[in-house]
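Enquirer: Below: one structure in structure tokens.
Residue numbers (our numbering): 3 to 231.
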């Protein structure tokens, strides 16, 4: 998992370096204006996000969708197509969100028989959200998806299961907040692009049981969330 996170950060670092080189090249007229325009287009943003997703073991399907979407909308800039492709942008976004929901609904890292219980959370907030209170004596994690929306998840009445537990988050133009007990041992390992998932706990006391850990991992794109008491 740490290796996957490092790959994501490495790609972001390379992208930032290339952006810097592009600006220098533009300043000294080393690149044609057309190339600069394509490098900083929204299509290229989709392509870069797609590559970042594909480079990890999570959300590969979303990565391929973003990559294909970016390439498809970039093609008309190089090949003449009579139909105005830009009119397909929002329908394509809706299709993308729909496909993502379907894929995420039928794929899970947790055994299916355990999902109905409160030991796992499976929260989906799209163009809306709400508040959830989770009460569990053996909380093991789950997944949180926020797209143009968000939720507040209250875990203050729950206890972590022994060992390593994880919550897989995906926030795009939205976000979710986690309210946790003060003695939880939490590690945040979220790759953020124009967003962030931060730990807002002001004091971090030693956990009662160091053998229990919650890892918050995933991606935040133009969105994010917070962990607080």
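Backbone N, C-alpha and C fix where the C-beta goes; we use that ideal spot for every residue, glycine too.
Rounded C-beta distance between residue 227 and residue 151? I'm assuming under 8 Å.
Expert: Here residue 227 corresponds to residue number 225 of the chain shown, with the count starting at 1. Here residue 151 corresponds to residue number 149 of the chain shown, with the count starting at 1. That belief does not hold up - the Cβ atoms of residue 227 and residue 151 are roughly 12 Å apart, past 8 Å.
Enquirer: Kindly indicate the opening and closing residues of the alpha helix (DSSP H) around residue 152.
Expert: Numbered from 1 along the chain shown, position 150 holds the residue referred to as residue 152. That residue, residue 152, is in no alpha helix (DSSP H); its beta strand (DSSP E) goes 152 to 156.
Enquirer: Name the DSSP beta bridge partners of residue 174, please?
Expert: Position 172 of the chain shown, counted from the start, is the residue given in the question as residue 174. Paired residues: 149, 223.
Enquirer: I'd like to know whether the C-beta atoms of residue 45 and residue 76 end up nearer to each other than 7 Å.
Expert: Translated into positions along the chain shown, residue 45 becomes position 43. Translated into positions along the chain shown, residue 76 becomes position 74. Yes.
Enquirer: By alpha-carbon positions, which one of 199, 194, 212, 224 ends up nearest to residue 186?
Expert: Position 184 of the chain shown, counted from the start, is the residue given in the question as residue 186. Ranking the options by Cα distance to residue 186, first place goes to 212.
Enquirer: Suppose the cutoff is 7 Å on Cβ atoms and the five residues either side in sequence are ignored; what does the same chain contact list for residue 194 look like?
Expert: Taking the chain shown and counting its residues from 1, one reaches residue 194 at position 192. Around residue 194: 222, 226.
Enquirer: What's the gap between the Cα of residue 181 and the Cα of residue 196?
Expert: Residue mapping note: residue 181 aligns to position 179 of the chain shown, counting from 1. Residue mapping note: residue 196 aligns to position 194 of the chain shown, counting from 1. Roughly 23 Å separates the two Cα atoms.
Enquirer: So what does residue 127 bridge to, in DSSP terms?
Expert: If you number the chain shown from 1, residue 127 lands on position 125. BP columns for residue 127 point to 148.
Enquirer: Could you check whether residue 167 and residue 143 sit closer than 7 Å to each other, using their CB atoms as the reference points?
Expert: Translated into the one-based positions of the chain shown, residue 143 becomes position 141. Translated into the one-based positions of the chain shown, residue 167 becomes position 165. Yes; because the gap between Cβ atoms is below 7 Å, this pair is in contact.
Enquirer: Let me know the secondary structure DSSP gives residue 181 once reduced to three states.
Expert: What you label residue 181 is simply residue 179 of the chain shown in a count that begins at 1. Of the three classes helix, strand and coil, the one that applies to residue 181 here is strand, per DSSP.
Enquirer: Can you give me the start and stop residues for the alpha helix (DSSP H) that residue 55 sits inside?
Expert: In the chain shown, counting from the first residue as 1, residue 55 sits at position 53. Here the alpha helix (DSSP H) through residue 55 covers 44 to 56.
Enquirer: Would you kindly report the start and end of the unbroken beta strand (DSSP E) that includes residue 189?
Expert: As a first step, residue 189 is located in the chain shown; it is residue number 187 there, counting from the start. Residue 189 -> beta strand (DSSP E) spans 188 to 195.
Enquirer: By the DSSP assignment, the beta strand (DSSP E) with residue 201 in it spans what residues?
Expert: Locating residue 201 in the chain shown gives position 199, counting from the first residue. Counting along the chain, the beta strand (DSSP E) containing residue 201 begins and ends at 198 to 201.
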